[in-house]
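Okay, structure first, notes after.
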Amino acid sequence: MRSIISFVGKSSSGKTTLLESLIAELKKRGYRVAIVKHSHHADDLDKTSKDTWRFTQAGSALSAINSLDHLAIYRRIDHYFDPQEISNFILWDYDLILTEGFKGSDYPKIEVHRGEQGKELLTDPEKLVAVVTDQPLDIGVPQYSHEDVGGIADLLEKTIVERRRETDIDLVVNGEYIPLDPALRDLLSRTLAAMIPYPGGDGVVKSLHISLRRNA
Numbered sequence: 266m267r268s269i270i271s272f273v274g275k276s277s278s279g280k281t282t283l284l285e286s287l288i289a290e291l292k293k294r295g296y297r298v299a300i301v302k303h304s305h306h307a308d309d310l311d312k313t314s315k316d317t318w319r320f321t322q323a324g325s326a327l328s329a330i331n332s333l334d335h336l337a338i339y340r341r342i343d344h345y346f347d348p349q350e351i352s353n354f355i356l357w358d359y360d361l362i363l364t365e366g367f368k369g370s371d372y373p374k375i376e377v378h379r380g381e382q383g384k385e386l387l388t389d390p391e392k393l394v395a396v397v398t399d400q401p402l403d404i405g406v407p408q409y410s411h412e413d414v415g416g417i418a419d420l421l422e423k424t425i426v427e428r429r430r431e432t433d434i435d436l437v438v439n440g441e442y443i444p445l446d447p448a449l450r451d452l453l454s455r456t457l458a459a460m461i462p463y464p465g466g467d468g469v470v471k472s473l474h475i476s477l478r479r480n481a
């Protein structure tokens, strides 16, 4: 299961600005970061009259546009996707998924706070990894200033490094994430790596995606 950390906070607390700086810092350190933003608005990002919009209107379950420097995918859904569901859908290799929002989720959270907005936080302290604030708070978690991007990146990097000590296997059956106990995860990892023919590079399988689809 990929590491997912949610950045939450009141409106105008500086979440987006902080995430921009963190993404740039983590990229500079050699990490691949995915970002997911939560929105309560039903805005149609795939604008009317665009080709992808027309394909969706025609009945396509998913539309994608691929250009020289980006890939955009549009998928109609009937409920909010949890960050783990989004991770299952992406299925690509990222070291860390950061989210902006999802304050009601159970994922570890870093709350971004400004003193002018009051001392009360949005998050249960037990779910907080840290607080980014311009005013010291009476709370038993690490506190960082908005400018201490390096310190916050160090905290996130520790999470990445700890996860890399394990072999990650994401088992998703019918769209549902299935947790694996360590023994089964290790067995599957060693079995699949030994069975898959891979002549490229040094011959070591570092990542593997298998999709199985059966007709009813």
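Residue numbers for the sequence shown follow my numbering, so the first one is 266 and each next one is one higher. Ideal Cβ positions, reconstructed from N, Cα and C, are used throughout, including at glycine. If you're wondering where the values come from, they're calculated on a predicted model, not measured in any experiment.
- Message: Among Asn439, Tyr345, Leu473, whose alpha-carbon lies nearest the alpha-carbon of Ser454?
- Response: Leu473
Requested in this report: For my contact list, Ser278 and Gln408 are in at a C-beta cut-off of 8 angstroms; report their separation, rounded to the angstrom.
Outcome: Not confirmed; about 14 angstroms, so no contact.
Does the count of Cβ pairs from the segment 363-375 and the segment 312-329 closer than 8 angstroms reach three? no
Quiz item: Is DSSP giving Thr313 helix, strand or coil here?
Solution: coil
(request) Consult DSSP for Ala459 and reduce its assignment to one of helix, strand or coil. (result) helix
- Message: Given this structure, state the Cα-to-Cα distance separating Ile375 from Ile434, to the nearest angstrom.
- Response: 26 angstroms
Q) Buried or exposed: where does Gly274 fall if 16 or more other Cβ atoms within 10 Å of its Cβ makes it buried? A) buried
Sufficient close CB pairs (3 or more, under 8 angstroms) joining the segment 383-395 to the segment 406-421: yes
Fill in: Expected contact under 8 angstroms - CB spacing of Pro390 and Ile270 to nearest Å
That belief does not hold up - the Cβ atoms of Pro390 and Ile270 are roughly 16 angstroms apart, past 8 angstroms.
With distances taken from CA atoms, which of Pro447, Ile342, Asp451, Ile362 is nearest Phe272? Ile362
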